[in-house]
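First comes the structure, then the notes that go with it.
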Amino acid sequence: MRNSFLLILSFIIITSSGASVLPIVIDTKEALTVEQFTCLNKLGYFNFVAHLYYPEGYVDQVGVQNLVNANKAGVFTHAYITPCTSGICKNNITKSEDQVQEVMNALYPNMLQHNFLYVEVDSKN
20 MRNSFLLILS
30 FIIITSSGAS
40 VLPIVIDTKE
50 ALTVEQFTCL
60 NKLGYFNFVA
70 HLYYPEGYVD
80 QVGVQNLVNA
90 NKAGVFTHAY
100 ITPCTSGICK
110 NNITKSEDQV
120 QEVMNALYPN
130 MLQHNFLYVE
140 VDSKN
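Residue numbering for the sequence shown follows my numbering, beginning at 20 and increasing consecutively.
Next comes the structure, spelled out in structure tokens:
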């Protein structure tokens, strides 16, 4: 499900931006430095999609830091969240709008702006 979502997301980004280069669409389990994003940007990878919220019910701090680093490197950024839909959320936040607000609160200290915020709803959660 996640792979098909990212593939569709890539297609949407490419067609909507008119980009001739595939966007960077990676899983943000590992942190990337500003230098790594700068290098990728110089190689022609101008887009980055960061995962910012886990379906278990918490903010992906590595994803937030990657978004910070990508912005500093001048990369065009997008973000997506996978809200907790099971009602058993680690942070006890079960309302989707409150989960989005938690993500926005995590981004606010860095005054991060991203172009799109995608929501992936997985029925298995």
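We treat Cβ as the ideally placed atom computed from N, Cα and C, and that holds for glycine.
On a predicted model such as this, the values are computed, not experimentally measured, just so you know.
At least 8 Å separates the beta-carbon of Q84 from that of I100. In this structure N66 is buried. Its beta-carbon is surrounded by 16 or more other beta-carbon atoms within 10 angstroms. With a beta-carbon spacing of about 5 Å, N60 and V94 fall inside the 8 Å limit used to define contacts. For V53, the three-state secondary structure derived from DSSP is helix.
By the Cβ-count criterion, V138 is exposed, with fewer than 16 other Cβ atoms from all chains shown falling within 10 Å of its own Cβ. Taking 8 Å as the upper bound for CB-CB distance, V122 and L86 are not in contact here, some 10 Å apart.
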